[in-house]
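One structure below.
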Amino acid sequence: MKCLKALKVFYVLLAVVGAILAIVSYFQHSLYLKSFGLVLLGASLVFNSYATHLEWKGKGPFLYMGIGLIVIAIAIGGFTKAW
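Next up, the structure:
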């Protein structure tokens with residue numbers, strides 16, 4: 208149970224740092240900060256869905272995991288100018 212609580216704290220911290228970086232990138236016009244913030248937000252979604260899966264033992268959270276992986280792919284593609 209301690210591991211699950213630590214995982215929840217971890218994904219909340221990832222989300223907070225990602226949101227702060229995304230807001231700062233708006234003012235700094237930094238593609239690096241925007242991409243890094245989106246990667247952190249996507250990773251937060253992935254960890255959130257995994258923690259929810261561990262708690263509820265259902266298949267529903269995997270939708271959020273897929274969304275998180277898509278966000279990470281878009282952020283990396285935007286940073287490398289692959290799009």
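The sequence shown begins at 208 in the working numbering and counts up one residue at a time.
Even glycine gets a Cβ: it sits at the ideal position worked out from N, Cα and C.
Predicted model, so just to flag it, every value in this text is computed and none were measured.
Reduced DSSP category for residue i - H, G, I as helix; E, B as strand; rest coil
i           : result
residue 287 : coil
residue 242 : helix
residue 265 : coil
residue 236 : coil
Residue i versus residue j - alpha carbon distance
i           : j           : result
residue 237 : residue 227 : 13 Å
residue 232 : residue 283 : 15 Å
residue 240 : residue 279 : 13 Å
residue 235 : residue 223 : 18 Å
CB-CB length for residue i against residue j, believed under 8 Å
i           : j           : result
residue 254 : residue 217 : 6 Å
residue 272 : residue 251 : The Cβ separation is near 11 Å, so there is no contact.
Local Cβ density within 10 Å of residue i, reported as buried at 16 or more and exposed below that
i           : result
residue 277 : exposed
residue 261 : exposed
residue 220 : exposed
Check your understanding: Taking one C-beta from the stretch 241 to 248 and one from the stretch 210 to 219 each time, how about it: are there three or more such pairs within less than 8 Å?
Key -> no
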